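Chemist: In terms of our numbering, the sequence shown opens at residue 109 and continues consecutively.
Beta carbons are placed, not taken as given, at the ideal position from N, Cα and C, and that holds for glycine.
As the structure is a computational prediction, the values presented were derived from the model and not from experiment.
So that we are looking at the same thing, I have put the structure below in structure tokens.
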Amino acid sequence: MPGDLDPSSTHPMHQSTSFSAESYFATQSAPPSLEQDIASVQAFVARQAAANRNVVLVTSGGTTVPLELNVVRFLDNFSAGTRGATSAEYFLKAGYAVIFMHRQFSLQPFSRHYSHSTNPFLDFLAVEGEGEGNGTVGITADKRTDADLLAVLTAYKGVQMAGSLHTLTFVTVNDYLWLLRAVSQELSVLRRRAMYYLAAAVSDFFLPRQKMSEHKIQSGKGSLHIEMDQVPKVLKPMVEEWTRDGFIVSFKLETDDQLLIPKARAALERYGHQVVIGNDLHTRKMQVVFVERKRKPLPPLPPGAEEPESEEAVVEVKEAAPALEAEGQPGTAAVSWLRIAPPAATTSTQVKEIEEDIVAELVRRHAAWITHDR
Ligand code: PAZ
109 MPGDLDPSST
119 HPMHQSTSFS
129 AESYFATQSA
139 PPSLEQDIAS
149 VQAFVARQAA
159 ANRNVVLVTS
169 GGTTVPLELN
179 VVRFLDNFSA
189 GTRGATSAEY
199 FLKAGYAVIF
209 MHRQFSLQPF
219 SRHYSHSTNP
229 FLDFLAVEGE
239 GEGNGTVGIT
249 ADKRTDADLL
259 AVLTAYKGVQ
269 MAGSLHTLTF
279 VTVNDYLWLL
289 RAVSQELSVL
299 RRRAMYYLAA
309 AVSDFFLPRQ
319 KMSEHKIQSG
329 KGSLHIEMDQ
339 VPKVLKPMVE
349 EWTRDGFIVS
359 FKLETDDQLL
369 IPKARAALER
379 YGHQVVIGND
389 LHTRKMQVVF
399 VERKRKPLPP
409 LPPGAEEPES
419 EEAVVEVKEA
429 APALEAEGQP
439 GTAAVSWLRI
449 APPAATTSTQ
459 VKEIEEDIVA
469 ELVRRHAAWI
479 THDR
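Here you go:
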């Protein structure tokens, strides 16, 4: 419908609406697989609760924004899902059960080591027995990579045996929002033992289905003008309604490093969750900044006293953990950088990943959160 895209038309595509989370879910349709996904999460969470495991929801990869109902074109973003897939592996290693909610076809824990063009899987295999004339040809791991492949495979099989990884997929920002709400609500039964690690790169803008062209947008009328609506800020209802006492970690991505800390602080103040991890697009694999509320350690409870539901003291500068470099700034947020050294010029295939340290820091904070020490 070319008329839909005429900038001078009065079609609602040119009116901008502000959606609250409530009005969003009241007007945008749930993905068809949602009920089935919820049932699978319910069963997974019950198994992990019985096994006494902490559970982390890891979101990973980018979301698309379709421009048509019969979608031919969509907006997308850069995220490959490296942060999420890598972090999920370290959480599993730390004994967590993981709900890995990722963009379809983005990187996944374990298989990420041998995917796409960086490490094509076939390059790690060798043909055995070829040309020996005995009629048998086998496939084996290339000798140079045997040890690495075995380590990944062993970890992967261990996780499969333990049943501690559950995978869900999304494509559009709408799929993501519906899934995030449903999974958060299911996971909230674990209260403080649940962590939410929101590393997905979620679009800030979308086209409500009521404003979408049904069929492929036609060319021939000059330039294309589309006004998008703002995606509702769901961290607030996530903190206040969908989760109960869960430990929530959000990521903030910027390309202007002057904005990184102010925006991360603002997010922390606005939504009141536990940690914002700031990262710059170009340096995100080498450094991140933790922004969290300054807290005073709680005094020990008098004998027989009830544990408080939550504590709110915001007073003193928290002492930085050894891996973190604290940045002395006034205000209610503690800011500390986590950096890893650039890879040494070595032939080793074992490269240090910043997610290992990010996850170690969060596991430590989460343990304190569970015991109400923070
Ligand atoms: O997926 P990736 O490893 O390529 O990138 C990770 C990231 C930069 C998307 C993530 O660390 C992040 O900042 N996520 C939140 C982005 C945002 O909505 O601000």
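Consult DSSP for GLN144 and reduce its assignment to one of helix, strand or coil.
Modeler: GLN144: helix per DSSP, three-state reduction.
Chemist: Going by the DSSP bridge assignment, what does MET443 pair with across the sheet?
Modeler: According to the sequence provided, residue 443 is Val. The question's Met does not apply to it. For VAL443, which the question treats as bridged, DSSP gives the partners VAL399 and GLU435.
Chemist: Count the CB pairs spanning the segment 152-168 and the segment 374-383 that are closer than 8 angstroms, and state whether there are at least three.
Modeler: Flag = no, the segment 152-168 and the segment 374-383 do not touch.
Chemist: Would you call the segment 297-307 and the segment 350-358 touching, i.e. three or more CB-CB distances under 8 angstroms?
Modeler: At 8 angstroms Cβ cutoff, the stretches touch.
Chemist: Roughly how far, in whole angstroms, is the beta-carbon of ALA309 from the beta-carbon of SER195, given that I think they are within contact range, below 8 angstroms?
Modeler: The Cβ separation is near 14 angstroms, so there is no contact.
Chemist: Can you list, in chain order, the residues of its chain with a C-beta nearer than 7 angstroms to that of ARG317? Leave out the 5 residues immediately preceding and following it.
Modeler: So the list reads GLN136, SER137 and LEU177, once near-sequence residues are dropped.
Chemist: Mind reading off the beta-carbon distance from MET394 to ILE466? Whole number of angstroms is fine, and I expect it under 8 angstroms.
Modeler: Going by Cβ atoms, the distance from MET394 to ILE466 rounds to 12 angstroms, so no, they are not a contact pair.
Chemist: Determine the extent of the alpha helix (DSSP H) in which ASN282 is found, giving its start and end residues.
Modeler: It spans 281-295 - the alpha helix (DSSP H) in which ASN282 sits, taken as one unbroken run.
Chemist: Helix, strand or coil: how does DSSP classify ASP365 here?
Modeler: Three-state DSSP puts ASP365 in a helix.
Chemist: Measuring straight from C-alpha to C-alpha, what distance separates GLU420 and ARG473?
Modeler: Residue placement at GLU420 is flagged as unreliable, the pLDDT there being 31, under the threshold of 50; a coordinate-derived value is accordingly withheld.
Chemist: Tell whether a beta-carbon distance below 8 angstroms holds between ALA193 and PRO217.
Modeler: Going by C-beta atoms, ALA193 is nearer than 8 angstroms to PRO217.
Chemist: Within 10 angstroms of the Cβ of PHE199, are there 16 or more other Cβ atoms? Answer buried if so, exposed if not.
Modeler: PHE199 is buried by the Cβ-count criterion.
Chemist: Give me, in chain order, the residues of the same chain whose beta-carbon lies closer than 8 angstroms to that of LYS460; leave out the 5 immediate sequence neighbours on both sides.
Modeler: Same-chain partners within the cutoff: ILE448, ALA449 and PRO451.
Chemist: Can you say whether ARG373 is buried or exposed, counting buried as having 16 or more other CB atoms within 10 angstroms of its CB?
Modeler: Classification for ARG373: buried.
Chemist: Tell me whether GLY328 sits in a helix, a strand or coil according to DSSP, three-state version.
Modeler: In this structure, GLY328 counts as coil in the three-state DSSP scheme.
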